[in-house]
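> A single structure is presented below for examination.
There are 2 protein chains.
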Amino acid sequence: MTYSSTPTPLQNAKSPIDRLLALSAADMAAIDVIIIERMQSPVGMIPDLANHLVGAGGKRLRPLLTVASAHLCGAAHEVHHKLAAAVEFIHSATLLHDDVVDESALRRGRKTANLVWGNSPSILVGDFLFARAFNLMVETQSLEALGILSNAASIIAEGEVQQLAALRDIDMTEAVYMDVIGAKTAALFAAAAEVSPIISERPVAERHALRKYGQELGLAFQLVDDALDYGGFESALGKSVGDDFREGKVTLPVIRAFASANSEDKAFWTRVIKEHNQDETDLEKAVSILRRAGALQSTMEEAKRRSDNARKALTIFPDSPWKTALSDIAEFVVERIS
Amino acid sequence: MTYSSTPTPLQNAKSPIDRLLALSAADMAAIDVIIIERMQSPVGMIPDLANHLVGAGGKRLRPLLTVASAHLCGAAHEVHHKLAAAVEFIHSATLLHDDVVDESALRRGRKTANLVWGNSPSILVGDFLFARAFNLMVETQSLEALGILSNAASIIAEGEVQQLAALRDIDMTEAVYMDVIGAKTAALFAAAAEVSPIISERPVAERHALRKYGQELGLAFQLVDDALDYGGFESALGKSVGDDFREGKVTLPVIRAFASANSEDKAFWTRVIKEHNQDETDLEKAVSILRRAGALQSTMEEAKRRSDNARKALTIFPDSPWKTALSDIAEFVVERIS
Numbered sequence: 026m027t028y029s030s031t032p033t034p035l036q037n038a039k040s041p042i043d044r045l046l047a048l049s050a051a052d053m054a055a056i057d058v059i060i061i062e063r064m065q066s067p068v069g070m071i072p073d074l075a076n077h078l079v080g081a082g083g084k085r086l087r088p089l090l091t092v093a094s095a096h097l098c099g100a101a102h103e104v105h106h107k108l109a110a111a112v113e114f115i116h117s118a119t120l121l122h123d124d125v126v127d128e129s130a131l132r133r134g135r136k137t138a139n140l141v142w143g144n145s146p147s148i149l150v151g152d153f154l155f156a157r158a159f160n161l162m163v164e165t166q167s168l169e170a171l172g173i174l175s176n177a178a179s180i181i182a183e184g185e186v187q188q189l190a191a192l193r194d195i196d197m198t199e200a201v202y203m204d205v206i207g208a209k210t211a212a213l214f215a216a217a218a219e220v221s222p223i224i225s226e227r228p229v230a231e232r233h234a235l236r237k238y239g240q241e242l243g244l245a246f247q248l249v250d251d252a253l254d255y256g257g258f259e260s261a262l263g264k265s266v267g268d269d270f271r272e273g274k275v276t277l278p279v280i281r282a283f284a285s286a287n288s289e290d291k292a293f294w295t296r297v298i299k300e301h302n303q304d305e306t307d308l309e310k311a312v313s314i315l316r317r318a319g320a321l322q323s324t325m326e327e328a329k330r331r332s333d334n335a336r337k338a339l340t341i342f343p344d345s346p347w348k349t350a351l352s353d354i355a356e357f358v359v360e361r362i363s
Numbered sequence: 026m027t028y029s030s031t032p033t034p035l036q037n038a039k040s041p042i043d044r045l046l047a048l049s050a051a052d053m054a055a056i057d058v059i060i061i062e063r064m065q066s067p068v069g070m071i072p073d074l075a076n077h078l079v080g081a082g083g084k085r086l087r088p089l090l091t092v093a094s095a096h097l098c099g100a101a102h103e104v105h106h107k108l109a110a111a112v113e114f115i116h117s118a119t120l121l122h123d124d125v126v127d128e129s130a131l132r133r134g135r136k137t138a139n140l141v142w143g144n145s146p147s148i149l150v151g152d153f154l155f156a157r158a159f160n161l162m163v164e165t166q167s168l169e170a171l172g173i174l175s176n177a178a179s180i181i182a183e184g185e186v187q188q189l190a191a192l193r194d195i196d197m198t199e200a201v202y203m204d205v206i207g208a209k210t211a212a213l214f215a216a217a218a219e220v221s222p223i224i225s226e227r228p229v230a231e232r233h234a235l236r237k238y239g240q241e242l243g244l245a246f247q248l249v250d251d252a253l254d255y256g257g258f259e260s261a262l263g264k265s266v267g268d269d270f271r272e273g274k275v276t277l278p279v280i281r282a283f284a285s286a287n288s289e290d291k292a293f294w295t296r297v298i299k300e301h302n303q304d305e306t307d308l309e310k311a312v313s314i315l316r317r318a319g320a321l322q323s324t325m326e327e328a329k330r331r332s333d334n335a336r337k338a339l340t341i342f343p344d345s346p347w348k349t350a351l352s353d354i355a356e357f358v359v360e361r362i363s
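For the record, the sequence lines run as chains A and B. Residue numbers for the first sequence follow the numbering used here, so the first one is 26 and each next one is one higher. Residue numbers for the second sequence follow the numbering used here, so the first one is 26 and each next one is one higher.
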């Protein structure tokens, strides 16, 4: 695997995600009905703003995990659909708040809700979607699933605060970075996959396997995202490039490049990250240093290891189209950069 | 009851709230232990910021409702304490987000968290406390209590968005205003009181009575708050005065004054609220118009009616110190302005 600046976009029409979407078409249609129904409110600003985000597409990767895991454990029923919708609502609430915190301007190829409506509506509609997620979970009558997802929700918030506290910390360690992405991203992937065997009352080994699959897939996904922030094309990704750099968010490529930097490069990173003193040529310079240090390549290799772990976690399940689909997704996530 | 600008502060040492706090001392100590324990995190910014708000005091009125309702229904056990802590966490999360939305500077006599740490930590720590509230609820193993509180959480968010959408709307009706305060304030009071009879498996009539008590108390509380915003003293209240006016938030005093205003006063309200064009003498002028129109007085009378409704809802319970305490609180809430 070599790193180039031409990503295979996640939106690729023949991607394994699209194949899984096709396999799950009936389930995803049922989940869409729940999502649309539960984001309604007589307060018009709520469905308007929620629909701007939810209706913009996105691959519904997390609810797909819940659905595929459900089929891997027997079948997907209405209760799985409700949990899948709850997972998507938690994710949507997080995105709305993240975009306020990060002052993001672009999401899924659209202007962010904070840019269109302002910060306050984004905060409050995020709270609404988060609460509606819990309404849905309560309806499933599964205290165990509620426990898994409410625990994931507090871990996500913890990871977001930790990331914020570590902003511009050029001395951030790899261990802290892995903690942050494990919490802010992988925890929800893990929970989305784990709730299905719980609902289906499957053996604990299957719970652990799917939790592990989700966790490792989430790590792989975020590692790739963090590499793409220094290499993708804005139009293909539907999000801005260089956001992390401009915010002074320290990610694995920067940690690794800084660790092996000569004194001139160390001074560069200290200026642009720690002192947060950047001009418009600095992103290009950063990318050039990252490439020279092999930091994007090594980040992608770390992602590949996580992806392999995710696929290995599935070995306890008998072969099926669902197992193949989940395995292919793990492989695909790290090949967005080919 | 006549309206004057000298409030009896909620912090009054001999208030019924203090008497209920004394009566509930053992319960409130147990709840404090849970609150302190559950706002901990290895991410230091979380307990720091949470403690700034939670440790600043406040009367813990909502958890007190849960405790007193529990005793009214027999006894308060650990499960009630956990729900009371969850209620306080939901309230705290709402305060953190509200202060960001309202750009507030003062809360409980302290600088707000958004002023000290910034908006982003306030948003994310609010999310954390909200998630921790659900962790606690899951531990109680009561799906019914979870349903009540998660439903309240989505109604609160809905009310907050509705309030935001109605900002500067000088044509806001009383019905919309009552919807907003019913959602943003009274829903949590109602849920805090209702969860105790649910946990204690009491007859549905007691659930309805305590829900009604909480709802009407919450309305009374918010009506008084909205009157005090045009009449209290900053030092006594521990919050800013004139905040609603400066934000262009339309509350019952303004709705009533506008309804009976002559053309000169209508032009004033249109300028300061709808066009949001204010100078530093306008708050004083607003107060003078509100007094002349009897709008503060009539708002307090509406609060008194709600308080009476709350007390009447308790009649189905046999006499006890807890019933007296809850009744006295309803009376006290509307006599903060004596």
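The C-beta atom is built at its ideal place from N, Cα and C for all residues, glycine as well.
Have a look at residue 52(B) and residue 214(A) and give me their C-alpha separation to the nearest angstrom.
Within the second sequence, residue 52(B) is the residue found at index 27, counting from 1. Within the first sequence, residue 214(A) is the residue found at index 189, counting from 1. Spanning the two alpha carbons is a distance of roughly 39 Å.
> Going by beta carbon distance, what residues of the same chain come within less than 8 Å of residue 72(B), once the five residues before and after it are set aside?
Here residue 72(B) corresponds to residue number 47 of the second sequence, with the count starting at 1. Around residue 72(B): 64, 65 and 66.
> By DSSP's criteria, residue 131(A) is part of a beta bridge. Which residues make up the other side?
Reading the first sequence from its first residue, position 106 is the one you call residue 131(A). According to DSSP, residue 131(A) bridges with 136(A).
> What does residue 239(A) touch in chain B if you count any residue whose Cβ is under 8 Å from its own?
Numbered from 1 along the first sequence, position 214 holds the residue referred to as residue 239(A). Going along chain B, no residue has its Cβ under 8 Å from residue 239(A), so there is no contact; the nearest lies around 18 Å.
> Of all the CB atoms in chain A, is at least one closer than 7 Å to the CB of residue 71(B)?
Your numbering for residue 71(B) matches position 46 in the second sequence. For residue 71(B), the answer is yes, since a Cβ of chain A falls inside 7 Å of its Cβ.
> Can at least three beta-carbon pairs, one atom from the stretch 122–132 of chain A and one from the stretch 44–51 of chain A, be found at a separation below 8 Å?
Cβ pair count under 8 Å is below three, so no.
> Near residue 342(A), which residues of its chain fall below 6 Å by C-beta distance, leaving aside the five closest residues on each side in sequence?
Taking the first residue of the first sequence as position 1, residue 342(A) is located at position 317. Within the same chain, residue 342(A) has close Cβ partners 97 and 348.
> With three or more beta-carbon pairs closer than 8 Å as the criterion, would you say the stretch 82–101 of chain A touches the stretch 137–153 of chain A?
The stretch 82–101 of chain A vs the stretch 137–153 of chain A: no contact.
> Rank 122(A), 225(A), 165(A) and 335(A) by C-alpha distance to the C-alpha of residue 241(A) and give the top, closest one.
As a position in the first sequence, residue 241(A) is number 216, starting the count at 1. Nearest C-alpha to residue 241(A): 335(A).
> Below 8 Å on the Cβ atoms is my contact criterion, and I expect residue 175(A) with residue 94(A) to pass it. Report the Cβ-Cβ distance as a whole number of Å.
For the purposes of this step, residue 175(A) is identified with residue 150 of the first sequence, where counting begins at 1. For the purposes of this step, residue 94(A) is identified with residue 69 of the first sequence, where counting begins at 1. At roughly 19 Å, the Cβ-Cβ gap does not stay under 8 Å, so residue 175(A) and residue 94(A) are not in contact.
> With a threshold of 16 other CB atoms inside 10 Å of the CB of residue 234(B), please say whether the residue is buried or exposed.
The residue you call residue 234(B) lines up with position 209 of the second sequence. That one is buried.
> Please state if the CB of residue 252(A) and the CB of residue 278(A) are separated by a distance shorter than 7 Å.
Within the first sequence, residue 278(A) is the residue found at index 253, counting from 1. Within the first sequence, residue 252(A) is the residue found at index 227, counting from 1. The answer is yes: Cβ separation under 7 Å.
> Just the chain A side, please: which residues come within less than 7 Å of residue 87(B) by C-beta, in chain order?
Residue mapping note: residue 87(B) aligns to position 62 of the second sequence, counting from 1. The premise fails here: residue 87(B) is roughly 17 Å from chain A at the closest Cβ pair, so nothing lies under 7 Å.
> With a threshold of 7 Å between beta carbons, is residue 232(B) in contact with chain A?
Stepping through the second sequence from its first residue, residue 232(B) is reached at position 207. No, no contact with chain A.
> By Cβ distance below 8 Å, which residues in the same chain neighbour residue 183(B) in space, the five residues on each side in sequence not counted?
Residue 183(B) sits at position 158 when you count from the first residue of the second sequence. Taken in chain order, the residues that qualify are 208.
> Using 7 Å as the limit for Cβ to Cβ distance, is residue 334(B) near chain A?
To locate residue 334(B), count along the second sequence from 1; it is residue 309. Output row for residue 334(B): interface = no.
> For the stretch 231–262 of chain A, which segments carrying the alpha helix (DSSP H) assignment without a break, of at least 4 residues, lie completely within its bounds, in sequence order?
Here the runs fully enclosed are 259–262.
> If you pair each beta-carbon of the stretch 185–195 of chain A with each one of the stretch 185–201 of chain B, do three or more pairs fall below 8 Å?
No, they do not touch.
> Buried or exposed, going by whether 16 or more other CB atoms sit within 10 Å of the CB of residue 358(A)?
Mapped onto the first sequence, residue 358(A) falls at position 333. Its Cβ being crowded by 16 or more others within 10 Å, residue 358(A) is buried.
> Closer than 7 Å, CB to CB, is residue 68(B) near chain A or not?
Locating residue 68(B) in the second sequence gives position 43, where the first residue counts as 1. At least one chain A Cβ lies under 7 Å of residue 68(B).
> Can you look up residue 85(A) in the DSSP assignment and give me helix, strand or coil?
Sequence index remark: in the first sequence, residue 85(A) carries index 60 (1-based). It is coil, neither helix nor strand.
> Tell me whether the beta-carbon of residue 117(B) lies closer than 7 Å to the beta-carbon of residue 154(B).
Stepping through the second sequence from its first residue, residue 117(B) is reached at position 92. Stepping through the second sequence from its first residue, residue 154(B) is reached at position 129. A contact, by the Cβ cut-off of 7 Å.
> Check whether chain A comes within 7 Å of residue 304(B), counting only Cβ atoms and requiring the distance to be less than that.
Taking the first residue of the second sequence as 1, we reach residue 304(B) at position 279. No, because no Cβ of chain A sits closer than 7 Å to the Cβ of residue 304(B).
> Which class does residue 363(B) belong to by DSSP, given the choice of helix, strand or coil?
Taking the second sequence and counting its residues from 1, one reaches residue 363(B) at position 338. Its pLDDT being 39, under 50, residue 363(B) is placed unreliably in this model, and the value from its coordinates should be taken loosely. Residue state, collapsed to three classes: coil.
> Would you kindly check if the distance between the Cβ of residue 320(A) and the Cβ of residue 282(A) is under 7 Å?
For the purposes of this step, residue 282(A) is taken as the residue at position 257 of the first sequence. For the purposes of this step, residue 320(A) is taken as the residue at position 295 of the first sequence. In this structure, residue 320(A) lies closer than 7 Å to residue 282(A) by Cβ.
> Would residue 109(B) and residue 238(B) qualify as a contact pair, given that the criterion is a beta-carbon distance under 7 Å?
Numbered from its first residue, the second sequence carries residue 109(B) at position 84. Numbered from its first residue, the second sequence carries residue 238(B) at position 213. Going by C-beta atoms, residue 109(B) is not nearer than 7 Å to residue 238(B).
> What residue range is occupied by the uninterrupted alpha helix (DSSP H) comprising residue 192(A)?
As a first step, residue 192(A) is located in the first sequence; it is residue number 167 there, counting from the start. Segment: none, residue 192(A) is in no alpha helix (DSSP H) and carries neither H nor E.
> Give me the chain B residues within the contact set of residue 172(A), using Cβ-Cβ distance strictly less than 7 Å, ordered along the chain.
If you number the first sequence from 1, residue 172(A) lands on position 147. Going along chain B in sequence order, the residues near residue 172(A) (Cβ under 7 Å) are 163.
> Between which two residues does the alpha helix (DSSP H) holding residue 77(B) run?
Within the second sequence, the letter at position 52 stands for residue 77(B). That run of the alpha helix (DSSP H) goes 70–79.
> Please list the residues of the stretch 181–196 of chain A that have a C-beta atom closer than 7 Å to any C-beta atom in chain B, keeping them in chain order.
For the stretch 181–196 of chain A, which is checked against every Cβ of chain B, the residues closer than 7 Å are 182, 183, 185, 186, 187, 189 and 190.
> Just to make sure I have the definition right: I need the residues of chain B whose C-beta is within less than 7 Å of the C-beta of residue 157(A). Which are they?
Counting from 1 along the first sequence, the entry for residue 157(A) is found at position 132. In chain order: 179.
> Note down, in chain order, every chain A residue with its Cβ under 8 Å from the Cβ of residue 122(B).
Numbered from 1 along the second sequence, position 97 holds the residue referred to as residue 122(B). What residue 122(B) touches in chain A: 148, 149 and 152.
> Distance, Cα to Cα, residue 318(B) vs residue 285(B)?
Start at 1 with the first residue of the second sequence, and residue 318(B) comes out as number 293. Start at 1 with the first residue of the second sequence, and residue 285(B) comes out as number 260. Their Cα atoms are separated by approximately 7 Å.
> Is it the case that the Cβ atoms of residue 167(A) and residue 160(B) are separated by a distance below 7 Å?
Reading the first sequence from its first residue, position 142 is the one you call residue 167(A). Reading the second sequence from its first residue, position 135 is the one you call residue 160(B). It is not a contact, given that the beta carbons lie outside the stated cut-off.
> Short check: CB of residue 224(B) to CB of residue 158(B), under 7 Å?
Mapped onto the second sequence, residue 224(B) falls at position 199. Mapped onto the second sequence, residue 158(B) falls at position 133. It is not a contact, given that the beta carbons lie outside the stated cut-off.
> For residue 102(A), does the three-state DSSP call read helix, strand or coil?
By 1-based counting over the first sequence, the position of residue 102(A) is 77. Coil at residue 102(A), not helix or strand.
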